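S.K.: Once you've had a glance at the structure underneath, I'll fire off some questions.
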Amino acid sequence: MRTRSSLWLSACVLLVAVAAVLSVMFGARTVSPGDALAALVHGDDGSLARAAVRQRVPRTGLALLVGAALGTAGAVMQSLTRNPLADPGILGVNAGAALAVVCGIAYLGISAPEQYVWLAVGGAGAAAVLVYVIGSRGRGGATPVKLALVGTMVTAALSSLVSAVLLPRLDVVDTFRFWQIGGVGGASADGILQVLPLLGVGFVLGLASARGLNALALGDDLATGLGQHVARTRLLAALGAVLLCGAATAAAGPIGFVGLVVPHTVRLLTGPDNRWVLPLSALTGAALVTLADVTGRLVARPEDMEVGIVTAVIGAPVFIAVARRQKVREL
Amino acid sequence: MSESIEAASVEVIRRGRRRRVRRRRTVVVCLVAVLAALFLTSLCVGHTVYSPYDALRVVLGETVPGASFTVGRLRLPRALTGALAGFAFGLAGATFQTLLRNMLASPDVIGITSGASAAAVFAIIVLGLGGTAVFVVAVPAGVLVALVIYLLTYRQGVLGARLVLVGIGVGALLNSVTSYLLLRAPAWDVQEAMRWLTGSLSSAFWDGVGPLAAGVVPLSAVLLALERPLTALQLGDDSARALGTRVETVRLALVLGAVGLTALATAATGPIAFVAFLSGPVAQRLTGGNGSPLLPAALTGAVLVLAADLVGQFAFDTRFPVGVVTGALGAPCLLWLLARPGRTRLARRAEGVL
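Residue numbers (my numbering), protein chains in the order written: chain F, 39 to 369; chain V, 157 to 510.
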């Protein structure tokens with residue numbers, strides 16, 4: 039098992055590298071690998087190819103980071119809620135971040151990205167808590183169906199509120215519109231640096247909770263018996279997941295389904311051990327978002343198709359497949 | 157002795173039944189009255205306020221200077237579209253909820269609305285169609301998406317959690333297609349697109365009312381005529397068959413009718429959030445769960461849309477599309493329905509099925 043997992047780990051690292059190279063090479067203008075390398079090493083010499091590369095590097099970096107964050111967050115959320123359908127998009131977290139950002143832009147006059155990162159994280163956390171609290175009421179606790187439904191409803195309600203805030207304000211609509219479907223096109227080195235600390239803390243919390251999550255999977259009583267501080271493990275892991283998706287959403291807009299698809303694929307490869315699942319999910323997520331971005335650039339050439347749309351097209355069928363496999367459980 | 161007890165209990169049952177029938181009738185009459193009042197208000201109120209007398213004269217075809225244009229050309233089609241769409245959403249939602257014995261299985265949750273709206277947006281933006289043609293595209297597409305969801309769900313029976321989850325997945329996919337189309341459309345500005353996506357009556361003119369009415373009226377008639385077999389179906393297929401219901405035919409007709417209504421209403425106004433979902437439970441609450449919920453739910457839907465449109469137009473500084481109001485009001489209602497500790501009969505039933 040261990041050797042197989044390490045094999046997969048190296049395969050994933052390779053995949054990420056390939057995705058990054060492809061992302062630098064392809065776009066409205068195709069750049070040869072040699073030119074790309076030259077641009078990276080020697081900097082901008084004024085040629086179009088190198089200018090394109092200079093633009094694509096931050097974009098690729100952001101795609102990799104966001105993908106890794108969403109993949110990890112999805113894996114943590116799924117083991118934490120013991121819910122195979124958990125995903126920031128499904129659970130209303132993205133909509134919460136969106137509403138907080140829009141309110142900040144419209145009412146508080148915030149325009150600097152470093153400020154709305156915090157808003158997005160706050161909104162994401164609030165929405166996650168809201169959905170989870172409502173979803174776990176009633177008989178049977180937080181079942182997959184109930185959480186998915188409450189998430190859908192909360193998303194619908196929050197989206198209405200987003201429209202309500204946006205419609206009277208034409209200027210805000212335009213900055214918000216592309217953010218809303220999720221894209222990494224506007225990436226800049228400064229923007230990445232702003233979310234990096236949050237993402238870092240999130241990764242540390244998420245990856246550090248792997249062992250605890252393994253114990254939680256056995257049930258609360260057994261986990262306590264194994265010496266786990268159940269409530270603390272939950273809290274830290276949840277905080278990590280919310281930081282990761284809040285920061286990712288602030289940087290690239292709501293990108294759905296990555297957090298859902300990636301952990302399931304990884305678990306098929308390595309089994310349920312979170313010490314493997316979490317890092318592999320980070321790598322696979324990074325590769326997936328980067329490749330989705332490349333696909334979006336190639337499909338809609340010379341324009342971009344936003345990553346959020348590509349991931350939804352890839353992710354929704356997986357969601358359906360998982361839902362079909364699921365045993366029907368009581369609400 | 158025993159005869160008199162029997163007679164007494166028969167009398168109790170009879171009185172109970174009479175009371176329930178009376179309550180349902182009262183609710184229906186009240187809803188019709190509220191609907192008429194809201195309709196008249198929508199005609200009278202606006203930038204210029206006309207008297208109800210003037211508005212009625214315009215409706216009856218007389219020419220009133222000024223009012224003929226404002227009321228006859230602008231407000232009347234808007235109010236008609238709102239009432240028809242709300243009626244269709246409410247009726248379709250209640251039909252699905254009753255047929256699948258599941259409060260959560262309304263067309264906007266299980267993805268059918270998304271299918272119709274993706275098709276309608278495609279027709280309007282990519283194919284450049286308008287009026288009747290949009291309905292011709294949206295309705296078959298809605299039916300097709302419903303069929304796809306049904307087939308994906310079908311595995312030793314369809315009911316339950318799987319339907320809801322598959323519907324949510326299909327809906328998410330189609331919604332991303334819709335937003336892609338809308339955001340790329342050169343002819344539509346973003347605000348217009350957002351208005352449409354949240355459900356709005358601001359683009360309702362006479363050329364859309366005709367086809368909408370032509371579709372909604374016969375389909376509603378079919379669904380309402382099937383009220384009694386639908387009630388029988390609620391007892392389970394075997395019992396319904398024993399009562400002389402042709403189960404498969406009735407179910408097919410009900411599903412097609414409800415999908416058609418959803419698609420028509422969505423094509424006309426965009427997906428107005430929560431109307432299909434909430435009308436049924438609200439109507440049940442009003443009637444106390446007596447008799448078939450279809451007609452009260454349909455009327456509730458129409459009342460909800462007209463009331464929300466009035467609120468959206470006049471209660472704030474800016475004019476909000478109707479979907480923003482129903483979304484913002486509907487979500488707390490629904491969460492309350494779902495999360496209330498002492499649950500309603502409908503919620504209990506929903507939980508039993510899921």
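Just so you know, even glycine gets a beta-carbon here, dropped at the ideal spot from N, CA and C. Values in this document were obtained by computation on a predicted structure and should not be read as measured data.
Which of the residues in the stretch 280-310 of chain V, read from start to end, lie with their CB under 8 angstroms from any CB of chain F?
M.R.: L308, T309
S.K.: Could you check the C-alpha separation between F:V159 and F:A288 for me, to the nearest Å?
M.R.: So the alpha carbons of these two residues sit roughly 8 angstroms apart.
S.K.: Between the C-alpha atoms of V:V166 and V:E159, what's the straight-line distance to the nearest angstrom?
M.R.: 10 angstroms
S.K.: For the alpha helix (DSSP H) that F:T287 lies in, which residues bound it at each end?
M.R.: 268-290
S.K.: Can the beta-carbon of V:A377 be found less than 8 angstroms from the beta-carbon of V:G246?
M.R.: no
S.K.: Is it buried or exposed, F:V54, if we count other Cβ atoms within 10 angstroms and call 16 or more buried?
M.R.: buried
S.K.: Check the Cβ of V:T354 against every Cβ in chain F and list those closer than 7 angstroms, keeping chain order.
M.R.: S198, S201
S.K.: Helix, strand or coil, according to DSSP, for V:I169 in the structure here?
M.R.: helix
S.K.: Can you check which of these residues, F:V188, F:R249, F:S201, is closest to F:L118 by C-alpha distance?
M.R.: F:R249
S.K.: Could you give the first and the last residue of the continuous alpha helix (DSSP H) run that contains V:F243?
M.R.: Annotation: the continuous alpha helix (DSSP H) that includes V:F243 extends over 232-255.
S.K.: Rounding to the nearest angstrom, what Cα-Cα distance links V:V282 and F:V345 in this structure?
M.R.: Straight-line measurement puts the Cα of F:V345 at about 22 angstroms from the Cα of V:V282.
S.K.: Inspect the beta-carbon positions of V:L450 and V:L255 and report whether they are closer than 8 angstroms.
M.R.: No; because the gap between Cβ atoms is not below 8 angstroms, this pair is not in contact.
S.K.: Determine the burial state of V:A423: buried for a count of at least 16 other Cβ atoms within 10 Å of its Cβ, exposed for fewer.
M.R.: buried
S.K.: For the alpha helix (DSSP H) that V:A377 lies in, which residues bound it at each end?
M.R.: 362-381
S.K.: My guess is that F:G323 and F:V300 are in contact by the Cβ rule of under 8 angstroms, so how many angstroms apart are they, rounded?
M.R.: 5 angstroms
S.K.: Measure from the alpha carbon of V:S198 to the alpha carbon of each residue in V:R179, V:V177, V:L230, V:L307, then state which is nearest.
M.R.: Shortest Cα-Cα distance from V:S198 to any of V:R179, V:V177, V:L230, V:L307 involves V:L230.
S.K.: Going by CA-CA distance only, name the one from V:V478, V:G445, V:V326 that's closest to V:L460.
M.R.: V:V478
S.K.: I'd like to know if the stretch 323-341 of chain F and the stretch 57-76 of chain F are in contact, where contact means that at least 3 CB-CB pairs between them fall below 8 angstroms.
M.R.: yes
S.K.: Quick one: does V:V326 have its CB under 8 angstroms from some CB of chain F?
M.R.: Yes - at least one Cβ of chain F is within 8 angstroms of the one on V:V326.
S.K.: Establish whether the CB of V:L260 and some CB of chain F are separated by less than 8 angstroms.
M.R.: yes
S.K.: Cα separation between V:G366 and V:D473?
M.R.: Going by the C-alpha atoms only, they are around 32 angstroms apart.
S.K.: Verify whether the separation of the beta carbon atoms of V:L357 and V:D210 is less than 8 angstroms.
M.R.: no
S.K.: Given a cut-off of 8 angstroms, decide if V:L389 and V:R407 are closer than it, judged by their beta-carbon atoms.
M.R.: yes
S.K.: Given a cut-off of 8 angstroms, decide if V:T443 and V:V183 are closer than it, judged by their beta-carbon atoms.
M.R.: yes
S.K.: With three or more beta-carbon pairs closer than 8 angstroms as the criterion, would you say the stretch 295-311 of chain V touches the stretch 267-278 of chain V?
M.R.: yes
S.K.: Since V:T237 and V:G364 are thought to touch, with beta carbons under 8 angstroms apart, how far apart are those beta carbons, to the nearest angstrom?
M.R.: 6 angstroms
S.K.: Quick check on F:A225: does DSSP put it in helix, strand or coil?
M.R.: Reduced to three states, the DSSP call for F:A225 is coil.
S.K.: Express the C-alpha separation of V:M259 and V:G508 in angstroms, rounding to a whole number.
M.R.: Legend: pLDDT at V:G508 = 40, less than 50; position of this residue unreliable, no value from coordinates given.
S.K.: Is any beta-carbon of chain V found at less than 8 angstroms from that of F:A195?
M.R.: yes
S.K.: How about F:V56: is its C-beta nearer than 8 angstroms to some C-beta of chain V?
M.R.: no
S.K.: Kindly confirm or deny that the stretch 109-124 of chain F and the stretch 280-296 of chain F touch, where touching means at least three C-beta pairs closer than 8 angstroms.
M.R.: Enough Cβ pairs lie closer than 8 angstroms, so yes.
S.K.: Starting from F:G346, find everything on chain V with Cβ-Cβ shorter than 8 angstroms and list it in chain order.
M.R.: S332
S.K.: V:A484 versus chain F: which residues are under 7 angstroms apart at the beta carbon?
M.R.: The contacting residues are A195, S198, L199, A202.
S.K.: Per DSSP, what kind of secondary structure is F:M382 in: helix, strand or coil?
M.R.: There is no way to answer for residue 382 of chain F, as the model of chain F reaches only from 39 to 369.
S.K.: Any beta carbon of chain F sitting closer than 8 angstroms to that of V:F252?
M.R.: no
S.K.: Within 10 angstroms of its Cβ, does F:H267 collect 16 or more other Cβ (buried), or is it exposed?
M.R.: exposed
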